[in-house]
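Numbered according to this note's numbering, the sequence shown spans residues 243 to 355.
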Amino acid sequence: MPSAKAADYAYFGFEPSIVTNYVAVKKKIGYVRLSIELMIEDASNYDIVEHHSPLLRDAIIDIIGQQPESKIKSINGRHEIQRLCEEKVQTLLAKETGQPLIKKLLFTQWLDN
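Right, dumping it as structure tokens:
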């Protein structure tokens, strides 16, 4: 019986942390600061993901900036935002490289006001 090859994952973290605005209630501007790690399916693709990181960072900031305060402040809303960001990053990488390259997008820190 052949042994299964262990997954060769790598993690890419956006540096510095992402800080962006969102529209808060009463037309005030709120901000969120977050740390994001991308779980790359094959460690050999790390440099490719790093090369495209400015495009990915911009897309993540764009998604977060469009979210209402109610989503930013709720756990379920954050999960939905995380899913939207993950899908967008996979779509962009597939368009640029022919493959989604990442298995998961993780919010490792989330601070909002």
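Ideal Cβ positions, reconstructed from N, Cα and C, are used throughout, including at glycine.
Computed from a predicted structure; not experimentally measured.
- The segment 256-275 makes contact with the segment 289-309: 3 or more CB pairs, one atom from each, lie closer than 8 Å.
- Between Ile290 and Val267, the alpha-carbon positions lie close to 39 Å from each other.
- Residue pairing by DSSP places Pro342 opposite no residue, since no beta bridge is assigned to it.
- The DSSP assignment places complete beta strand (DSSP E) segments of no fewer than 3 residues inside the segment 269-307 at 271-282, in order along the chain.
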